[in-house]
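Protein chains in written order, with this note's numbering: chain W, 162 to 377; chain C, 162 to 377.
Protein chains: 2
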Amino acid sequence: MSPDVRERTVDSSRSAILEAAARCFHERGYAATSIDDVARALNSTKGRIYHHFESKADLFADVFRTGMEMNYAALEPLRKLDGPADRRWVLFARVHVNQMIATRAFQRVVWMGVEMHQTGAPTREQTSRYEDLIETRSRYGDIFRELISKARDEGRFHFPNLSIANQLMFMTLNSPIFWYSPRTGETRADIEDLIAQVVTCAWRGLGATEGLKNDA
Amino acid sequence: MSPDVRERTVDSSRSAILEAAARCFHERGYAATSIDDVARALNSTKGRIYHHFESKADLFADVFRTGMEMNYAALEPLRKLDGPADRRWVLFARVHVNQMIATRAFQRVVWMGVEMHQTGAPTREQTSRYEDLIETRSRYGDIFRELISKARDEGRFHFPNLSIANQLMFMTLNSPIFWYSPRTGETRADIEDLIAQVVTCAWRGLGATEGLKNDA
DNA sequence: TTGACAACATACCCGATAGTATGTTCATCA
DNA sequence: TGATGAACATACTATCGGGTATGTTGTCAA
């Protein structure tokens, strides 16, 4: 096996572990998920996981990081666009909600990671590296925060408090991670419809005066 | 000690346990909270808790139940009112959001309970009793669901899908359990302002055409 | 061909924790 | 006043799960 093929193999094994871990953390939460659970989900054993990850907290942190990287990557193509902030917001919001649905196990872990940090629960291991993750997540949130702030300045959104409006907006946009679950026979159009409803709800909640058009 | 006084003492001891348990579950989650944690929060020991509750799952279920009873009790005075559904919705929503803030530890446990039921995590003990709790929670949700359905029929709200609208609305109204935390020097007026912003956001999200007035 | 190492599996250790069994104290009541 | 039981505290058990130490297998490089 050539070195690069081996590297791809290692990466794919790591990815498989990350995905299984995301599913397990998603379904049972951090504390209730054992490393053996993740191993079982892989038809494998602990040894494999501890060969790739230092600890349970480390595995969780990597799922967290992977989830956020997916979000940044999805948003990246839109970063260079310009135009009215509220129009850009719509594009960003659609991509974000789509991410919440398409990668919801990872996104739920991101949510849990933020929550655990707020309450101080993540067993305090390597706090510095964890702080980085929180910081990264916070910068992701700022992308939207700045957009709605600008849109308010431009007279397109109307809300009294930026922080609260941002919180409420994210609650709406993130909400599919809690209640969405794929239906049998579900088409891409069904999902697009779902996304549209969520984005419209957030759009209205932000105090947009105009209606939401469905063009790009 | 007379029997009725003793009964009050027992009840107050039970309540103290429930409140401590709510705080602990709120801060660390179900799995990460040990009975010893709850006992420590009470300056007490396990013995006291197991004297009043059969198991950890039973304690959790009782916190769950208590949280919901608080909500029903808070809404009760409004049940007899009538008038346009959207006007009634505002009153209900305000009370609900106030509950989320005032009793957020309990409400967070309610949230966790619903979540755990969805993923099937609550260790499957006495599932029937747990189903009752979920059923009760569901009926509470229906109160709002019927209100917004009626308000839509009356042409006051505008949304394509009732279930999704209900989900999104509850996400907004419940959101303070995730991000609210009391500030030093916070007045009742500050909280009222917070409530107003949350309710307004949900109101707009439901597609209300009119603005929200601040009268009762 | 063989040594080395990656990628696991297996076996084991130990601390944490749910639950139990057994005190202990104090009020009430016969 | 002595017995009884509620309301706890204390001491203990058993299991589960994070982490480690040690095998095992296949691959590659020399």
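C-beta atoms are modelled at their ideal positions from N, C-alpha and C, and glycine is treated no differently.
Nearest to residue i (by Cα), restricted to the options the options
{"i": "W364 (chain C)", "options": "C:R249, C:M277, C:S342, C:S299", "result": "C:R249"}
{"i": "G274 (chain W)", "options": "W:V360, W:Y301, W:R226", "result": "W:R226"}
{"i": "L323 (chain C)", "options": "C:M332, C:R317, C:R313", "result": "C:R313"}
{"i": "N335 (chain C)", "options": "C:F318, C:C362, C:E315, C:T280", "result": "C:C362"}
{"i": "W340 (chain W)", "options": "C:S174, C:I262, C:L252, C:W272", "result": "C:W272"}
{"i": "T297 (chain C)", "options": "C:A350, C:M231, C:L242", "result": "C:M231"}
{"i": "H257 (chain C)", "options": "C:A218, C:G228, C:Y191, C:S216", "result": "C:G228"}
{"i": "H278 (chain W)", "options": "W:M261, W:I262, W:A263, W:S299", "result": "W:S299"}
{"i": "R290 (chain C)", "options": "C:D219, C:P321, C:V251", "result": "C:D219"}
{"i": "L294 (chain W)", "options": "W:D223, W:A193, W:D197, W:A192", "result": "W:D223"}
{"i": "Q358 (chain W)", "options": "C:A326, C:A357, C:Q358, C:A350", "result": "C:A326"}
{"i": "F320 (chain W)", "options": "C:F320, C:I338, C:V360", "result": "C:V360"}
{"i": "D351 (chain C)", "options": "C:I262, C:E276, C:L242, C:I304", "result": "C:I262"}
{"i": "S195 (chain C)", "options": "C:S173, C:S176, C:F221", "result": "C:F221"}
{"i": "E353 (chain C)", "options": "C:D303, C:G302, C:L252, C:G316", "result": "C:L252"}
{"i": "H187 (chain W)", "options": "W:L355, W:S342, W:I356", "result": "W:S342"}
{"i": "R240 (chain W)", "options": "W:K217, W:E315, W:S173, W:Y301", "result": "W:Y301"}
{"i": "D303 (chain W)", "options": "W:L355, W:Y233, W:R175", "result": "W:Y233"}
{"i": "I338 (chain C)", "options": "C:D172, C:K217, C:R184", "result": "C:R184"}
{"i": "E237 (chain C)", "options": "C:E215, C:K217, C:S216, C:Q260", "result": "C:Q260"}
Proximity test, Cβ basis, 7 Å: residue i and chain C
{"i": "Q358 (chain W)", "result": "yes"}
{"i": "G228 (chain W)", "result": "no"}
{"i": "W250 (chain W)", "result": "no"}
{"i": "I325 (chain W)", "result": "yes"}
{"i": "E237 (chain W)", "result": "no"}
{"i": "C362 (chain W)", "result": "yes"}
{"i": "T381 (chain W)", "result": "The displayed coordinates of chain W run from 162 to 377. Any statement about residue 381 (chain W) would go beyond what the structure contains."}
{"i": "S388 (chain W)", "result": "The structure shown does not extend to residue 388 (chain W), since chain W is modelled only from 162 through 377, so no value can be given for it."}
{"i": "S195 (chain W)", "result": "no"}
Below-7 Å beta-carbon distance, residue i vs any chain W residue
{"i": "A192 (chain C)", "result": "yes"}
{"i": "L329 (chain C)", "result": "yes"}
{"i": "M261 (chain C)", "result": "no"}
{"i": "S176 (chain C)", "result": "no"}
{"i": "W340 (chain C)", "result": "yes"}
{"i": "M231 (chain C)", "result": "no"}
{"i": "T264 (chain C)", "result": "no"}
{"i": "T333 (chain C)", "result": "yes"}
{"i": "E365 (chain C)", "result": "At residue 365 (chain C) the sequence reads Arg, which differs from the Glu that was named. R365 (chain C) counts as touching chain W."}
{"i": "R299 (chain C)", "result": "The sequence as given places Ser at residue 299 (chain C); Arg does not occur at that position. Closer than 7 Å: no."}
{"i": "E188 (chain C)", "result": "yes"}
{"i": "S216 (chain C)", "result": "no"}
{"i": "S336 (chain C)", "result": "yes"}
{"i": "M162 (chain C)", "result": "With a pLDDT of 44 at M162 (chain C), under the threshold of 50, the modelled position of this residue cannot be trusted, and the question is left open."}
{"i": "D376 (chain C)", "result": "Annotation note: pLDDT 49 at D376 (chain C) (below 50); position unreliable, no value reported."}
Where residue i falls: helix, strand or coil (DSSP)
{"i": "R201 (chain W)", "result": "helix"}
{"i": "R265 (chain W)", "result": "helix"}
{"i": "F186 (chain C)", "result": "helix"}
{"i": "A192 (chain C)", "result": "coil"}
{"i": "S174 (chain W)", "result": "helix"}
{"i": "F305 (chain C)", "result": "helix"}
{"i": "D354 (chain W)", "result": "helix"}
{"i": "R344 (chain W)", "result": "coil"}
{"i": "K241 (chain W)", "result": "coil"}
{"i": "P321 (chain W)", "result": "coil"}
{"i": "T280 (chain W)", "result": "helix"}
{"i": "M225 (chain W)", "result": "It should be noted that the sequence gives Phe, not Met, for residue 225 (chain W). In the structure shown, F225 (chain W) sits in a helix (DSSP, three-state: H, G or I)."}
{"i": "T370 (chain W)", "result": "coil"}
{"i": "W364 (chain C)", "result": "helix"}
{"i": "E180 (chain W)", "result": "helix"}
{"i": "T206 (chain W)", "result": "coil"}
{"i": "G274 (chain C)", "result": "helix"}
{"i": "S289 (chain C)", "result": "helix"}
{"i": "S336 (chain C)", "result": "coil"}
{"i": "S216 (chain W)", "result": "coil"}
{"i": "E315 (chain C)", "result": "coil"}
Cβ separation of residue i and residue j, assumed to be a contact under 8 Å, to the nearest whole Å
{"i": "G281 (chain C)", "j": "F318 (chain C)", "result": "Not really, about 34 Å apart at Cβ, beyond 8 Å."}
{"i": "G190 (chain C)", "j": "A192 (chain W)", "result": "6 Å"}
Practice problem: Specify whether the stretch 307-322 of chain W and the stretch 336-346 of chain C touch according to this definition: at least 3 beta carbon pairs, one from each stretch, less than 8 Å apart. | Solution: no
Self-check item: At least 3 beta-carbon pairs within less than 8 Å: the stretch 205-219 of chain W vs the stretch 239-249 of chain W
Solution: no
Quiz item: Taking contact to mean at least 3 C-beta pairs separated by less than 8 Å, is the stretch 192-211 of chain W in contact with the stretch 200-209 of chain C?
Solution: no
Practice problem: Evaluate the contact criterion for the stretch 251-269 of chain C versus the stretch 180-192 of chain W: three or more CB pairs, one atom per stretch, below 8 Å. | Solution: no
Quiz item: Hey, is the stretch 324-336 of chain C in contact with the stretch 367-374 of chain W, meaning 3+ C-beta pairs nearer than 8 Å?
Solution: no
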